[in-house]
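Letter by letter, the sequence shown follows residues 14 to 647 of our numbering.
Just so you know, even glycine gets a beta-carbon here, dropped at the ideal spot from N, CA and C.
This one's a predicted model, so the numbers in the text were calculated from it and none came from an experiment.
Below is one structure, written out as structure tokens; comments come after it.
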Amino acid sequence: MVKRYLELRSFDEAIDLLKKTFPRPEKTEKVPVMQAAGRIVVSPVYAKYSVPEVNLAAMDGIAVRSRDTVGAIDANPITIDHFSRVNTGNIVPPEFDAVIMIEDVWEAGNDFQIRKSATPRQHIRPAGEDIRESRLVLPKGHLIRPFDIGALVTYGITTVEVLTVNVGIIPTGSELVPLGARPAPGQVVESNTIMAQVYLSQMGAHCTRYPIVPDDPDLIRDTLRLAVKENDLVLISAGSSAGTRDFTESVIRSLGELIFHGVAVKPGKPAMLGRVNDTPVLGLPGYPLAAQTVLREFAAPLLESWGFAPAPRYPVTVRLAQPLVSDLGFDEFIPVFVGRIGDSIIGAAHGKGAAVQMATVKANGYTHIPASIEGYEGGTAIEVFLTTDPGSVERTIILTGTLDPALEELASLAQNEGLFIHATNPGNISGLRALTRNACHAAPLSLPAHSLHLSYEPLISYNENPDLAFIHLATMELGIVSRDGLDTGDLPHARFINTRKGTPSRSILDDLLKREGINPAQVDGYLQEVHGPQAVAAAILNGFADAGMCTSGIATAEGLRFVPVASEDYELVVQKEMLNDPRISTLVSLIKSPRFYAILQKKGGYDLTLTGTIRELDYKKNVSALLPGNLLER
């Protein structure tokens, strides 16, 4: 029987073991200064010569002896006959100690007349003003930045000695296919080692990515044996779990020492560390988020302890938009998206799951929940580490509700305007709740076409003062989607996938079944719920269901057949005062723009007659009419 993680090391213990067991390899290299950005200086760097080496003119004008100008005033101009014409950057002859700007002199034949005396060193860059010969340019341990390169070149430095480390990265798995190949069912594109190579290269490491090794312990052993000879650190991707085809642990044991296998961290529990010929061998889990966690929290800190530049991260305190649950006893790292709403910086988890790479693609930060904490209540102030420019927080729009491909197109247009849309898809009701708590800027909702009253009651129950604006994105056809063109009468004989109660598609389905005299109990899967129309399409594509309800746009995008039965409005709902927010006003302009109209028209499945119109729900529950007239010229 396979023994699975008999002894989980704590996160802190594992990091401590990693750093203490493997001191920095004493390896350096000289690199051309043009290739030195991002590298760490091994020893102090000194200027080869003074800059400037001689006195230079700082202005266009004439170089003079300052003593010849004493007493010059408007009432008593002085004629200068001993001078030298100079331009900015010219050498000032040694006999002169000042420069008078050309606009402060008047020609007098072959001489110049001045009306103001000059002071010694006036408008002169003295020799060594920037730096003197043999003075320190960069101290030991300095991270060389692009602007440093210009200074190094200026001071005569053509090469620098920097820290170097070689990292070998081994992808394993018979199911892997290389970059550029389309995976067949049961296969995946090998991406973890590509990510690791790029990530560690940014820290200054030389990374070698070995060819994909199938699940064969002998082949893995041969590759590892070679890698530890050629590198100072080796990463093995996948094979670190405890399945029947996970061989990393046994291979490490056969060649050296296994230090630990299993860490109380999520995602990333299968992480392992071994030593082969005094070289650290770090096992990365196969799931992408788990691999990212081990790479960021183990491999990167080891390189930092060896003197390499830390991977950039920017701490910021945020207010949690909703409760965040964690398992006691595990250090957990969770992707988070962050944006400013009013006076608060809001953070919300972007979902969990070690295999869901889009969580980190869509998130702009992450948080660390220590093992001693079971989570945080909504509204708690926590620390988040941003993975993007901190200024992006002010340009972020958080959307929570029901997502549609139309919103993805809007996000793309917003990006061109310097705005970043972070959207999650928990459904209408959760979106309304988030809007009530000021946990999002806007809630995208799917509502019964041209009749919002069916959806107002849940909104009003969550919002004490529902003073809202509804920005119309599109009216969309809603219908039965399937691979085979199934219609209403086919539902009792098909596997169905449903949406949640309270959604327009669920309400329309119930009305449809009632009208056709079909008992919901006759529909296999009626009680099987997913949280949105995109999830319905995914379930059908993956063979979990035969039919469901979604929009024609989603059906077309996924290559599924569609039978229309009704329509729904897709609205972006905001607190009314949010219309004055520059980010939202920009979003409204984009919704009204010819570009957005043309994109949705090309995609098909959208009625754009009223796109861009805005109606309001006031505190008396009065709704303004949905009428055309707010559209920009197409």
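Problem set entry | Close beta carbons around Ala568, own chain, < 6 Å, minus the five adjacent residues each side | Val494, Phe575
Exercise. Tell me which same chain residues have a C-beta within less than 8 Å of the C-beta of Ala140, skipping the five on either side of it?
Worked result: Ser63, Pro65, Glu66, Val67, Asn68
For this session: Give every residue of the same chain whose Cβ lies closer than 7 Å to the Cβ of Thr306, excluding the five residues on either side of it in the sequence, and list them in chain order.
Result: Val278, Pro280, Gly281, Phe346
Exercise. Thinking C-beta only, is Val586 closer than 8 Å to Ala12?
Worked result: Examination of residue 12 is not possible in this model, given that the chain is present from 14 through 647 alone.
For this session: Classify Ala70 as helix, strand or coil using the three-state DSSP reduction.
Result: strand
Exercise. From Ala384, Leu315, Arg496, pick the residue whose C-alpha is nearest to that of Ser339; which is it?
Worked result: Ala384
Exercise. Starting from Arg608 and walking both ways along the alpha helix (DSSP H), at which residues does that stretch end?
Worked result: 607-616
Exercise. Are the Cβ atoms of Thr221 and Asn205 separated by less than 8 Å?
Worked result: no
Exercise. Can you list, in chain order, the stretches of the alpha helix (DSSP H) that have 4 or more residues and sit fully within the segment 356-401?
Worked result: 371-375
Problem set entry | Own chain, CB closer than 6 Å to Val83, minus 5 neighbours either side, in chain order | Ser130
For this session: Could you check what DSSP says for Glu421 in three-state terms: helix, strand or coil?
Result: helix
Exercise. How many Å lie between Pro323 and Val54 at the Cα?
Worked result: 14 Å
Exercise. To the nearest angstrom, how far is it from the Cα of Ala218 to the Cα of Val294?
Worked result: 16 Å
Problem set entry | Inter-residue spacing [alpha-carbon to alpha-carbon] between Asn290 and Glu26 | 23 Å
Problem set entry | Where Val374 falls, given that 16 or more other Cβ within 10 Å makes a residue buried | exposed
Problem set entry | Start-end ranges of the beta strand (DSSP E) lying completely within the segment 324-356, minimum 3 residues | 327-333, 344-354
For this session: Report all residues from its chain with a CB closer than 8 Å to the CB of Ile115; omit the five preceding and five following residues, and keep chain order.
Result: Met72, Asp73, Gly74, Ile75
For this session: Give the single residue among Gly444, Asp594, His381, Ala312 whose Cα lies nearest to the Cα of Leu30.
Result: Ala312
For this session: Report the option in Pro533, Thr409, Leu176 whose CA atom is closest to the CA atom of Val696.
Result: Since the first residue of the chain shown is 14 and the last is 647, residue 696 is not available in this structure.
For this session: Could you spell out where the beta strand (DSSP E) holding Ile510 opens and where it closes?
Result: 509-512
Exercise. Does the separation of the CB atoms of Phe24 and Asp503 fall below 8 Å?
Worked result: no
Problem set entry | Distance CB(His485)-CB(Thr624) smaller than 8 Å | yes
Exercise. Near Pro227, which residues of its chain fall below 6 Å by C-beta distance, leaving aside the five closest residues on each side in sequence?
Worked result: Ser187
Exercise. With burial defined as no fewer than 16 other Cβ atoms inside 10 Å of the residue's Cβ, what is the status of Ile233: buried or exposed?
Worked result: buried
Exercise. Where do the N-terminal and C-terminal ends of the alpha helix (DSSP H) with Ser405 fall, by residue?
Worked result: No alpha helix (DSSP H) contains Ser405, which DSSP labels as neither H nor E.
For this session: Answer yes or no: do Glu421 and Leu491 have a C-beta to C-beta separation smaller than 8 Å?
Result: no
Exercise. To the nearest whole angstrom, what separates the beta carbons of His454 and Ile521, a pair I think is in contact under 8 Å?
Worked result: Actually they do not touch by this definition, with Cβ atoms about 29 Å apart.
Exercise. Which residue spans inside the segment 200-277 form an unbroken alpha helix (DSSP H) run of at least 4?
Worked result: 205-214, 230-243, 261-268
For this session: Can you have a look at His506 and say buried or exposed, based on whether 16 or more other CB atoms are within 10 angstroms of its CB?
Result: exposed
Exercise. So Ala60 and Gly169 are in contact, right, with Cβ under 8 Å, and what is the actual spacing, rounded?
Worked result: 7 Å
Exercise. If you check the beta carbons only, do Gly618 and Met489 fall under 8 Å apart?
Worked result: yes
Exercise. Taking the alpha carbon of Ala419 as the point to measure from, which residue in Ser443, Ser459, Ile395 has its own alpha carbon closest?
Worked result: Ser459
Exercise. Quick one: complete beta strand (DSSP E) runs, 3+ long, within the segment 154-187?
Worked result: 172-176, 179-184
Exercise. So what's Leu491 in DSSP terms, helix, strand or just coil?
Worked result: strand
Problem set entry | Cβ neighbours of Ile13 in the same chain (closer than 6 Å, five flanking residues each side left out) | Residue 13 lies beyond the range of the chain shown here (14 to 647); nothing can be said about it.
Exercise. What number of angstroms, rounded off, separates the C-alpha of Ala362 from the C-alpha of Asn441?
Worked result: 18 Å
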